[in-house]
Structures are given as structure tokens and as C-alpha cells.
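Chain order of the listed sequences is C and H. Residue 36 in our numbering sits at position 36 of the first sequence, with consecutive numbering throughout. Remember, our numbering sits 1000 above the position in the second sequence when you count from 1. Below is one structure; the comments refer to it alone.
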Amino acid sequence: DAMVIQNPRYQVTQFGKPVTLSCSQTLNHNVMYWYQQKSSQAPKLLFHYYDKDFNNEADTPDNFQSRRPNTSFCFLDIRSPGLGDAAMYLCATSSFPSYEQYFGPGTRLTVT
Amino acid sequence: TQLLEQSPQFLSIQEGENLTVYCNSSSVFSSLQWYRQEPGEGPVLLVTVVTGGEVKKLKRLTFQFGDARKDSSLHITAAQPGDTGLYLCARASGGATNKLIFGTGTLLAVQP
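Here it is in C-alpha cells:
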């Protein structure tokens, strides 16, 4: 089945230690998104790619970076995680111009 | 403002009860989506409504788009524990981007 896959599902990192979360998709969608979600709140968009064009949200901290080496893969890099970065990180895709988004299962990040 | 307000914020009911979740905005939107997010998973698209006054049914779930396209509702009949989760409405942000604006969310717990 076509899907959005996130690895790992659970990630524990230490304060200040860089961490990378990965997302892959078999839907061949041209748009990929990264969201941060805390305790049953609505997901907060960090950035998205339309093909290779990177679109950063104005309030996304510089600590968060992303890479999309090809259509199928997208990575979220957190350069120096703080305790406040502990959250669920969701990857999603869509096929422009449709706004319907397809989410992965998320990666739960814990910062110790 | 393009905020989407959902009500109620939290809802805890017994299995078999009916419930309605509301999604309201002060501005008109062209379409609206409803997502359900089960605990520990990513959101899953339930439905997209496009036409004012439109009603869509998905098993025990009934979705309605307001005539003026400023509000929507989700009604669940005979709720089951499997309906437990975070319900999110979302609208297109508009413009040249493919972003969604999510509602504030409704956390539903159905007790057996």
C-alpha cells in the first residue's frame, strides 16, 4: 500500500545532541511537510517542500533544518535539541494542487 | 484572521452516546477537511467538504458544511471506544502555498 513512513517511531536524545528524523513516501507526492505537535494540540507546521523548493515558516527556530534529497525522502534535523523540543514530529505529503494531506505515524522525540 | 475554532475542546462520553463537534471561522473558506488522530498515530483524513450545505456520511459519522461556508460540524452516532482520538478540522491557507490551517482540535474519549 502507498504510504508515508517515519523512522524511528520513538527517539531519545540528550540535551544539545543533534538528532535526525526521517520520512519516506511511496505516494509520489510533490509536497512534503514537517509538523511539530505537543500534547493533543493541533500540529504546528515547521516547513514544507514543494518539489525541491523549501518553504520555512516565519516562527520556526533556526535550530530546525530540513533536507529533501529526492522526491521520496525528507529529513528533519534538530541541531541542538532543548527540553522544549520534546514533541511528536509528523511528516505529511500532498499532491499539489490538492490540499488533502497524508500523514505518517509520527516520531515521538524525548530529550533528556 | 483565519483561525478555526473548534468546540468543545474536550469531550468524554459513554459508549452508545451521540455527539457533535463544531468548527467555526469568521471568514469564508472554499473547502474544509476533517481529520481524526488516534493516540500515538498521525492524523488520518476522514472527509473533504466543498459545497455550502453539503452533507457527507461515513458510516456513523455525518459531516456538514455550513450554507455560508464559514462553519462545519461532525456528528457521531452511537459512539464507540474506537472513535476515541483528536478530531481536527482544517482549511486551505490560500494563496500560492499548499498549506493547511488546522482548527484548535477536539479531544474525544469514549468510555466503554
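Where is the CB? At the ideal position from N, CA and C, for every residue including glycine.
Cβ-Cβ distance between residue i and residue j below 9 Å
i: TYR35 of chain C; j: ALA92 of chain C; result: yes
i: TYR102 of chain C; j: LEU1045 of chain H; result: yes
i: ASN30 of chain C; j: ASP51 of chain C; result: yes
i: ARG1091 of chain H; j: SER1031 of chain H; result: yes
i: TYR99 of chain C; j: GLN6 of chain C; result: no
i: MET32 of chain C; j: ARG68 of chain C; result: yes
i: GLU1005 of chain H; j: SER1027 of chain H; result: no
i: LEU46 of chain C; j: LEU83 of chain C; result: no
Local Cβ density within 10 Å of residue i, reported as buried at 16 or more and exposed below that
i: SER24 of chain C; result: buried
i: VAL12 of chain C; result: exposed
i: GLN37 of chain C; result: buried
Range of the contiguous beta strand (DSSP E) that encloses residue i
i: TYR99 of chain C; result: Counting along the chain, TYR99 of chain C falls outside any beta strand (DSSP E), and DSSP gives it neither H nor E.
i: THR1020 of chain H; result: 1019-1024
i: ARG65 of chain C; result: The sequence shown places Gln at residue 65 of chain C, not Arg. Residues 64-67.
i: LYS52 of chain C; result: Looking at the DSSP string, LYS52 of chain C is not in any beta strand (DSSP E), and its letter there is neither H nor E.
i: LYS1056 of chain H; result: 1055-1058
i: ASP77 of chain C; result: 73-78
i: ASP1071 of chain H; result: 1071-1076
i: GLY1085 of chain H; result: 1085-1092
i: THR110 of chain C; result: 107-111
Under 8 Å from the C-beta of residue i: neighbouring residues of chain H
i: PHE96 of chain C; result: ASN1098
Contact list for residue i against chain C, beta-carbon separation under 7 Å
i: ALA1092 of chain H; result: TYR99
Pick from the options that is closest to residue i, judged by C-alpha positions
i: LEU1058 of chain H; options: H:VAL1047, H:THR1051, H:GLY1052 and H:ASP1067; result: H:VAL1047
i: PRO18 of chain C; options: C:GLY84, C:PHE75 and C:SER80; result: C:SER80
i: GLY1052 of chain H; options: H:ASP1071, H:GLY1040 and H:ARG1036; result: H:ASP1071
Neighbouring residues, chain C, relative to residue i (Cβ below 8 Å)
i: PHE1102 of chain H; result: ALA42 and PRO43
i: GLU1041 of chain H; result: PRO105 and GLY106
Proximal residues of chain H, C-beta to C-beta of residue i below 7 Å
i: TYR50 of chain C; result: ASN1098
Within chain C, partners of residue i - CB distance below 9 Å
i: LEU1046 of chain H; result: Result: empty, since nearest Cβ-Cβ is about 11 Å, beyond 9 Å.
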